[in-house]
Structures are given as C-alpha cells and as structure tokens.
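Those protein sequence lines, which keep their order, are chains A and B. Counting from 1, position 199 in the first sequence corresponds to residue 199 in our numbering; the numbering is continuous, with no gaps. Counting from 1, position 819 in the second sequence corresponds to residue 10819 in our numbering; the numbering is continuous, with no gaps. Positions of the beta carbon are idealized from the N, C-alpha and C atoms, including for glycine. Here the structure is laid out as structure tokens; the discussion comes afterwards.
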Amino acid sequence: MSRALNILLAVGAGLALLALITALGAARLPGHQQGYTPEQPIEFSHLLHAGELKMDCLYCHHGAESSRHAGLPAASTCMNCHQFVTAPIAEIRAEDQRALVAERPAEPVVSTELAKLYDALAIDPLTGLPLPSRDPHTIRWEKIHVLPDFVYFDHRAHVTVGIDCAACHGPVDSMLRVRQDQTLTMGFCIDCHRRSSSEGVAGLDVNASTDCSTCHY
Amino acid sequence: MKRNPVDPTTPEPPTRGLPLHRRSFLQAAGFSLAAVATGCHRPPPHSSRPYLEAPGEVVAGRPLYYASVCDGCSAGCGTLVKVRDGRPIKLEGLDEHPGSRGGLCAMGQASLLGLYDSRRLRGPLVAGRDATWAEADGAIRSGLAQARAAGRGIRLLTPSLHSPTERAAAARFVELQGAVHVVHDPLSASAILDAHAVTHGRRLLPRYRFERADLIVGLDADFLGTWISPVEFAAGYRAARRPDVASPRPSYHIQLEPTLTLSGCKADRRLTLRPDEIPALISALSHALAPGLMPDRAPEGGSLAANLAAAVADLARQLQQVAEAGGHSLIVSGSDDLTTQVLINGLNFHLGNYAATVDLEHPSLQRQGSDVAFAELVAELRRGEVGALLVAGLDPLHEFEGAGLQTTFEDLDLLVSLSPQSDATAAVADIVCPSHHFLESWGDAEPVEGLLAVRQPTIAPLWNTRSLRAGLDAWSTIEGAATVDDLVALQAYWRQEIHPRDSRGMDFQSFWDRTVHDGVALLLPASATTASATTASATPAFDTLAFATWLSEAWRSTTQTTAPASDTPTDAFTLVLYPKVGLGEGRHADNPWLHELPDPISKVTWGNYACLSPSAAGRLGVKDGDIVRLRAGEAALELPALVQPGQHDDVVAVAMGYGNRRSERFRDIGPEWIGTSPSTDDEGRVGRNGARLLEGLGRVRHGVAVEATGSRRELAKTQQWERSDDRVLVEEVTLQALLAGNVAAEHGGQEHGSKEHGGQKHRADLYPDDHRARDSAAHPARKWGMSIDLDACTGCSACVIACQAENNLPVVGYDEVRRHRDMQWMRIDRYYGASEGATGTEADTLDIAFQPMLCQHCDQAPCETVCPVLATVQTEEGLNAQAYNRCVGTRYCANNCPFKVRRFNWFDYQRDDPVANLVLNPDVVVRSRGVMEKCSFCVQRIENAKIEARSRGEQRVRDDEVRSACQQSCPAKAIVFGDVLDEASQVAASRRDRRGYRLLEELNVQPSVDYLRRVRRRPLVDESAANAKNEATDGGSSHG
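Have a look at this one:
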C-alpha cells in the first residue's frame, strides 16, 4: 500500500476522531435537556410572580395537586389580576411622573408583553370588553420539562407527599425565563426514590417504589 | 440457448469473510458517525396550548365520567363514558343501571370507535354532492310534496326506537306528512310481539327475568350472545345460577338450537334440531304439558324425530315438576313463527311464568319491529305505491341483497338515508343526512317501560351531522321555522311527558339534574299512568279463549296449505343466517375491533364462513378453509368452510352482516410486507353477504345445495387446538358435590399428579427454600390477584374489547392473525369435550368450556428468568411487569411462557389516522416495533388508585377502587380483581371459594390468577335417583 494512502488514512482518522470529540461534547444523551431555556411567546417572569410577589405555584399550576399534569393556567386565570394590572408598576409611575411634569392627565399604560395576552383573548385591555373585530386565539407556550412518552410521571403523587416543586424544577422563583434545572433522567428519578424511601420525605416515611411499573406502563 | 436467470450449474465464486469492500465499510462507518452526531440533538420542541377560558370541571390529565346510554344496539344498556381532555376514550358499564347492571358487551364498547371514524360522512349530500342543511331540507320537503301530489305514499323506515323523544318526533312527522312509520328490526322479535297481541290483546314484548327462573328452556334464542338484550340477560342468568351463595338454587338450562351459540355452550343440556322442527316440537310439548288449554282440533302429527320426541317427554316432565314444586320456569324462543310463539305464551301461562319470569308489567321496548309491516312495505315498493322513503339506522339494500329491492328503489321520487356512513342504501339515496354518533348528541332511552335514561353528549359533533329527532322535526314543520336545539327539545318533552311519571315529588329541574347525573330513573310505565284511571290493573292478562280460538283457526289454515314442500333433494341443507357475537346483524361492519374480535366459538376473525357439522363436512370432503359453493335457486355464494361441532347435520350456517360496502376500507389494514394477503377477499369486502341466498325476508332458506370447489382461503383463527387433550385445563365439579363440600373428589383421576387446591402437595422445585423471599413479609403492602369464575363466564368477549380499548391494542388484520400474530392480551380459550352421562348424537353430547386466558402474573414467572435485559420483572406488589422501553425483542419470554399470553410487536402497526388516534388512552404507552407486551393487570389503573388513595391520606386502596378493564365490563361478573392480602376484598373471598384452582400447577409457576371450577348441574327431576346412581361413578366431564 502506498505511503500517500497511509498518510491520507491517518489524516482522515484524525479528522474523524476530532469530529467525534466535538460531537460528543455538544451532544447529550437522548432526552437529556438540562439547561433548555426556550424563548416563550410572552416574556413571563417567574422571578417576579413566584419570587418577588411570592405567589404560590399551585395558584396557576393547580393541576399538580389533583392530576398527573400540573398544567398551564388558562388565560382567564391571568386575568384575575391582569384585568387591573396592565403594566409593571415602574412604567405606570414613570407615566404618572411624565403626566405631572407635562400637566396632563396620566394615560393608561399597557406593557408590550401583556398586550399579547389581551390580544389572545381579543379584549380591550382598558375596558376589559371583548373586541368583536378580533378572534381569540390560544397562546402557544413552549414546553420545557418533557419526559419521554414511555414514562408516566404524576405530579399529584409527589405534591401530596410534600416533595418541593424545586426538587425537580429548581429555583424557578429566581428565573426570569424558565430553564430546565435538572437532568430529569431515570437516574435522577431513581436516586430520589431511593433516598426518599430510606430517609423519608418531610419527616414522614414513604415507600417510593423503584419497580419498573411505577413509571413505565 | 436461452439462459436461466439463475443457473445452478455455475455458482458464483465464494466470497471470503464479509461481503463488504473496504471502501463501503469506510462509507458506512462515516455515515454512522455522522448519524450518531446529528441524532443526539434535542427532540423537536413541544408546545402547550392552555385554554383561554377554562371550563370549571376540566383539569388537564384528569378523566371525567358521564352517565349515558349505549347505542351500539337497541338494548339501551347504561354506560359510563370516560372523557379524557375532552375526548371520550372508553365506554364502561353503568353499575347503577338496573338492566345491564354494570356490564357492557363487546359491540357496545367497540361502538366508541365509530365516533373517531374518519370515513364518516361529514355533512349532508344532495345527489352525491356536498350541500347545506337548508338545501337538503328544501330538497326533502319538495320531494315529500311531490310524492304526496302524485298520490304515492311516504314511508319512514327505522329500527326499534327506544328513545321516547325520537318516537314522538316520528309520530309528529307521520301525522303532519301523512306518512307511515315502518319499524323493522334485522334481529326481529316480531313474532313474540304479535303473539302477545293474540294472547294478551296488546302487542308487546315481555321483559324476560332470567334471575327468577329455576328451569330455563331456550329454543333457538341466543339470549347470552345476541338475542334482544344479552347483557341484561347474562346478568340475570348468572344471578339465578350463583353456586357461591348460602343456598344455591338448583337451576337448570336446556337449549335446543340448530347452530352452536353461547347460550347453547352454557346449557346444562343441549339438543340440536332443524329450524323447521321447532313448531312441531313446541306443538307436541304443548299437547303433552297443557292439554286442557289446547283447542280440540290438533294438527296432523308432525314428523318429530325420535330424539326430539324423547326430549319433549323429558321437557314436559321437568317443566311439570318445577311448576308443581312452586318454582318458576322460563321458555324463550327466537322463532319467527307466530304459531310457535303463541304456543309458548300458552306454555308460559300454564306454568305460571307470567308475572314471575315473563314480566308484562314492565314490558321491553327493545324490539318493536313488525315483520308484517315490513313485508307490506316491500309489497308496496314492488307495486310502486311508495313515492318517498326515509331510511334511518338501517341498510335494507345490504340486509336484503338477494330480495331485489334495488330495482324498486329506482322508482322512488325520493330516497333519503340518515346513515352516518356511505352504506349500500346511502350510496343510491337522493339525499343523505348523516346522523350524529350517539356520543355527540343529547338523547334519551326507555329500553324497558319505566326505566328512563338520559344520554349525555360527551363531545361536540366532530362533523356537520344532525340528530334523527332534529331531522324529523325539520321535515314536519313549515319551511323556515327555526330548528330547535336537541337539549331544548329533549327537556321540553321530558317536562311534559316524562316528569309527570315520577313519583318522588321533585320539581322538574331537580328531577332532570338527578336523572342526568344518575344516568337512569325508575318511573311508572307510561301505560300505567294512562290505564290506572280506567282499570284496576294495567298489566294485560292471558286470554285463554282467544288463545284457543286463534290456534284452531291457525291450524285449520295450515292443514289446508299442507307442510312445506318436501320435494327438495335429501342432501340439501337448510341455510341459517345467524348474528355473530360482536358484529351482530352487521351494523358495525366498519369497526376494525369487532372484525378482529375472534368469534367466541369458532375463534375465527376477519370474515364469515359456512359452518358445517363434522359429519356434513366429512360427507362433502371439506375441512376448515376449503371454499364451498352454496347454491339456492339462481343465487350462489362461495365461502370458506368451517367444521363446527355441535351443529345440526342438515344445517349450513353463515354469519350475517358481512360483505358490507363499509368494510371495503379494510383492504389495506395491517402491516405490509412480502406475501401479505389482504383482510378483504377478492370481492374487496370482508366476508360475503349471506343474504344473497335468501329469497324472502326470513333468515332461513331450505334446500340449499353445498358443494366443494377445490380452492382454499385459510381462516384466520386465534386458537389452533380445539380440545385440551390429555390435560384438564377447565376443571369441573357437580353442584351436588359442591354442596356436600366434596370438591376435590369430583375431578380426580384426570390430572397430572395431585392437584388438591390449597392443601399440601408435592411440587418439583429447583429453587432453594429461601428463594421465595417475597412471601408475605417482604411485601407487606399488597399483592394483586385475580379470580375468574369459569361457571359465570359466558364467552361473550366483552372483556376482550374492554382490554383493547383500555390498553391501546393495535388491529393487525387478517394476514397477521393467520400467522398467529394476533395482539389481544385477553383471549378466551374454547375447548370442546364430551359430556359424560348425556346420550345422543355427537352434537347433542358436545360440551363446550370457555376459559379467559391472560397473563397469569406468576410469582415464579418463567418469562422473567430468561429475559437477558430484565425487561420483565416481578414487582413488590406481585405484578409481572413489562418495561417496554427496556425490551430488546429477543422473544425468549414468549417462548418460555407456558400460557402463551405474550404478544410481540412484529411491526409498527398503523397509527396514521389522526382522527382514529383520538381514541387512544393517554395513560398507556403505544408500543413500537420489536417490543414484547402482555396483560399488565391494568397497572395504569392500579397506579392511579394508589395515588388517589395517598392523596386522601390513606395507605390502603379501597377494594372497589381498582377494577381492571376486563372485570368492569363483564356482564356476568366472572372476573374479580384486587388485593389478595386484604382479607375483606372480593378477590380474597373468591380465593377462599372451594372451587378455586390454578392452571398448570405442576409447573410450580405460582400464578396470581385463580380459576373457579365450572359447576355441572343435573336435571331437577329424579334428583335423588340420579344422585344415588351417579355419586359413585360420576367424575364430571373432561375436555379431552
């Protein structure tokens, strides 16, 4: 075999190895999406709502107590507050200030992010009345915590025994945009199940089964 | 010289090692590397779309249950619809329903699939083109006006309407349009209704109370399978025959029938006869039993076969003794012969069965059709007297394919079909107004007088369809009148007509809310409220004089016309069209679940066949799958033969409802690969329509010639062994022995080794004694187990469909079933055996046993030890779990399973219909190719119940909280599931039953499924004598 071909093969093998290392560095195991922080249709801040305002997670994600899915709140849930609050307080104060300076009545302020909510509902943000000229449309949120189809995770089972939401979802109350905090791999689940069975949860004994059929059926 | 494509004399030079060159290897390696590198990217983004305005009760992922009425047939069973995230995904029985008592048959459960049928008509059609409702209604109104102007009749043709609101709408339509409403049932009980008009002065169908009968005589009436209201009857039948109560009733069941039916399989004594022998038999029985009741003039003595004459004497003796002992009997017949039914009324009256087992106080409305009226309609059509015909819920062109209705339909000014499918009638109709699926609309039902139910919609109509009520109202009002919403119309009717029948003193709103919630309300019969003012008793009484007068008149006319012509050749057969369990009369011919549901007796899927008795088949020289030609007059039909033990030698039986236009869709069902044969036959449909051979409107034709053709079409059977040969799988005990506490002695001598249940027994055990570490102490919480009562099981296959719906089982098609790759987790094994002690022909002594077979969840499971990847393992609660995502598809487990209950996904089965996929249960994985699967004991229900219990702060799961899908649907309540460690649970109680045994105990696999022995009952008469004689020798019977 010619020397040139040997060199060519060696270089090719080197390049392939390099490509492999790069690929392995970038790639994750299938299903492993730790750190996933997608852009959302509305720049909703958990830092503000859960962190500063200390709203309970279950206020919006009430399914976590009674269902497999925690669920996303209906737009009408947002409207419980946002029929009154149309913009951050700072923006409203700034407008008040400007109005005071210009000696005119303060104009109502609607933040650009909340405008998307009102648009989805097809209502006038200032009067709260429906706008007949527009069609309501659903908001397409990006799902972050996605488990494979062959896993059945049940929020109810975990919330009712007292597992903290942050155990899987991380410090959501400090996230401006929600990111997947944990790996959510089977190892992650099993570790916690074993720990909970031996140490208990919130001071109570639990039997967190590690049988396959607990999650796979 | 022309060279052969492959010349064996010059073989190719052998290649060394892999037939792969270095270059191809490098190419492949590079490609794999690239594939691995790119394949690890994130999965495509998922999005969630929450509601804008959340409906109060809806929580994503949490099912809601709505009480409703099943409309799979006209029995009107109560159902509980499971709705998950806005989609109905499962029909279950409604426990509180006094008729169906929590059961729901295979047909009813499978009717859910019709909702998600993407080939339903999506809007009205006028002359075959899409139209608006206004256009369709306008065309219908002008068509009706045209018919009236031409002096031709308007006819509305429907099956029995058990909805009072629909009946009222039909009555309004009839009145305003001057129409005639013809009610026709493909599975007719017309003769029974007409017989009551003769003997009781009112045309009504009694409600049969099997639960009150000590002696049941079934004459060609498959009340456990397909006759009138099988779920209700099966529940009642079981109630009369429970052996596990303090004092079991010595109930006895005699069945006389031409073909083998489920009722015949369960009968204690079964006799075969030709359909034309029934009138003579009943006449002889009447003369023997009630001579005083009969008119003097008797018909000429019919030619009753010797065995039937003996049977008559035996029947008469038994019926007489039951009546003398103060017990109740029940004689039912599916015969369409009026004289026979009149005589049966006389017999039931003579035996004191009216008011006991034959309930006229609350008559059934499940069958109202009149064969006479339908025959009259056909005659009118032939004479061209009908101008407009509106057909709802029927497909007469398919049902009477051989009767030549097609040409008479061409003369109509207007033919309207309300079929939701493009069936044979809709295909030629001028206008098609598709009806809702029953889960889409408000409605009501009164299957039995006084038993009222509201049907709740569980989903908004998927397509542009309309209810029958709305249609009839639209055509009976003046043009332009606003159509009334279904709910408004229903409430208006209920306020006016139904609410006054309630005796609980509620105001209408509370009454309505209560009925909608409960799904059923017990009210006064409509007849009672109107009749109570005038007469003391609303229940019509038997009129002895009318009975005698009518009979003598009837017999005078028959003796004049003489018996049916006997010039047919002696080797001719009598053709019987029978309804198959699941497919019935063919109403659900577009339902793949029901096509793949094995017939409980023949175990054949996909298509019909000509059933021949073993001796008839031997005479013709045919075996299973040989195509035979059936000829009757001009008509001929080719079907594969099936050798059916227990059938009369002179009868050839063909399942009705096949060869339907709507089954053309199944041409491509199932995976596609080398040598696939389609599920449809060469006519493009599933099976063939036996109605082609009929000349009249009946279901029987005499003088049919059968001949072998020499060609074959293999039958797709799910069971290859008809008998259990030398090992006893279905064990039995006689009722007498059971009462004496002597279970073990009854079945001795036929098994391998000692099988004393629960006692000490020798097992060959390779494991050390401490191997069974998971006995009691290791898993203190629970141990799931099941108990199946083989005495209760009727083989109706409701559990098979329940499992299919619950666990997302695929439909694989004819070709895969033929290759034994059927996917149902629950199968019902059927074993033929011979009854010991019974005498007669082979067909008369045939004994049939059913055995539901599912994963036995063995404690020492052979499948677990051979799995190389631990995909199937024992859980702490005694389940044999299957982790699909871990399975690599070696199939070792299936090979090592002694019960053969594991199913392998040879393909990714079709899931490409987005509408049909809406039926999938989101709580169960859809398995992919290369994965083994099997019964999981509905682990998703177990896990859900455990979590619910924990949410309530309880450690124990309540006994009634976990019910497997098969258990829930069983009409006879043969299946019990639960925690065997809970002493108070039903399954623990069932385990303590003396009849319990486990299968293949000699293998020491320790199944979690217990079977309860079948109970063999002896005739009620001469009990002491029979006891004395048989006690020493009788060993029950064997299926061997």
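State yes or no: is the C-beta of residue i within less than 8 angstroms of the C-beta of residue j?
i: Q10366 of chain B; j: I10498 of chain B; result: no
i: G10076 of chain B; j: P10363 of chain B; result: no
i: R10049 of chain B; j: T138 of chain A; result: yes
i: P10600 of chain B; j: L10262 of chain B; result: yes
i: N10808 of chain B; j: V10926 of chain B; result: yes
i: N10660 of chain B; j: H10398 of chain B; result: yes
i: V10931 of chain B; j: Y217 of chain A; result: no
i: H10097 of chain B; j: R10212 of chain B; result: no
i: P10457 of chain B; j: L10121 of chain B; result: no
i: A10798 of chain B; j: C10070 of chain B; result: no
i: L10412 of chain B; j: A10388 of chain B; result: yes
Could you spell out the range, first to last residue, of the alpha helix (DSSP H) harbouring residue i?
i: D10473 of chain B; result: L10468 to S10476
i: S10286 of chain B; result: I10278 to L10289
i: E113 of chain A; result: T112 to L121
i: V10733 of chain B; result: Unbroken run through V10733 of chain B is the beta strand (DSSP E), E10732 to T10734; no alpha helix (DSSP H).
i: M186 of chain A; result: M186 to E199
i: A10191 of chain B; result: S10190 to H10200
i: L58 of chain A; result: C57 to C60
i: I10942 of chain B; result: V10939 to S10951
Please return the same chain residues whose Cβ sits closer than 7 angstroms to the Cβ of residue i, not counting the five positions on each side in sequence.
i: E10410 of chain B; result: none
i: F10173 of chain B; result: L10156, A10179, L10472, W10475 and S10476
i: D10130 of chain B; result: G10123
i: L10636 of chain B; result: Correcting the residue identity first, residue 10636 of chain B is Ala in this sequence and not Leu. So the qualifying residues of the chain are R10629 and L10630.
i: A10060 of chain B; result: D10085
For residue i, which residues of its own chain have a beta-carbon under 8 angstroms away from its beta-carbon, when the five flanking residues on both sides are left out?
i: L10697 of chain B; result: D10371, F10374, A10375, V10378, F10400 and A10403
i: C212 of chain A; result: none
i: D10185 of chain B; result: S10074, P10159, S10160, R10367, Q10368 and G10369
i: A120 of chain A; result: A75, P136, H137, T138 and I139
i: V10939 of chain B; result: L10879 and A10881
i: Y10658 of chain B; result: L10583, G10586, A10589, G10607, N10608, R10685, V10686, G10687, R10688, N10689 and G10690
Only counting the same chain, and skipping five residues up and downstream in sequence, which positions put a Cβ closer than 6 angstroms to that of residue i?
i: A10792 of chain B; result: R10238, A10972 and A10974
i: G10393 of chain B; result: T10158 and P10159
i: A10536 of chain B; result: At A10536 of chain B the pLDDT is 44, less than 50, meaning the model places this residue with poor confidence; the figure from the coordinates comes in the next sentence. Once the five neighbours on either side are set aside, A10536 of chain B has no close Cβ partner at all.
i: E10714 of chain B; result: G10625 and R10818
i: S10990 of chain B; result: S10787 and V10976
List, in order along the chain, the chain A residues whose C-beta lies closer than 8 angstroms to that of residue i?
i: V10924 of chain B; result: Y217
What span of residues does the beta strand (DSSP E) with residue i cover, start to end?
i: A10635 of chain B; result: A10635 to V10643
i: F10173 of chain B; result: F10173 of chain B -> not in any beta strand (DSSP E); alpha helix (DSSP H) instead, spanning P10164 to Q10177.
i: Y10252 of chain B; result: Y10252 to E10257
i: F10977 of chain B; result: I10975 to D10979
i: K10090 of chain B; result: R10087 to G10093
i: M10786 of chain B; result: W10784 to D10789
i: H10702 of chain B; result: V10700 to R10712
Quick one: list the residues of chain B neighbouring residue i, beta-carbon separation under 9 angstroms, in chain order.
i: D181 of chain A; result: Result: empty, since nearest Cβ-Cβ is about 16 angstroms, beyond 9 angstroms.
Heavy atom of the ligand ADP less than 7 angstroms from the Cβ of residue i, yes or no?
i: E10933 of chain B; result: The ligand content of the structure shown is nil, which means the ligand ADP is not present either.
Residues of chain B with a CB under 7 angstroms from the CB of residue i: which are they?
i: A157 of chain A; result: I10947 and R10950
i: P73 of chain A; result: P10050
i: S2 of chain A; result: Ordered by position in chain B, no residue passes the 7 angstroms Cβ test against S2 of chain A, which lies about 14 angstroms from the chain.
i: H82 of chain A; result: Those within 7 angstroms of H82 of chain A in chain B number zero; the least Cβ separation is about 13 angstroms.
List the residues that DSSP assigns as beta-bridge partners of residue i.
i: F10850 of chain B; result: B:R10830
i: G10840 of chain B; result: According to DSSP, which records beta bridges pairwise, G10840 of chain B is partnered with nothing at all.
i: R10129 of chain B; result: B:V10126
i: L10577 of chain B; result: B:V10654
i: A10388 of chain B; result: B:I10154 and B:L10414
At a CB-CB cut-off below 7 angstroms, which residues of chain A make contact with residue i?
i: A10883 of chain B; result: C212 and H216
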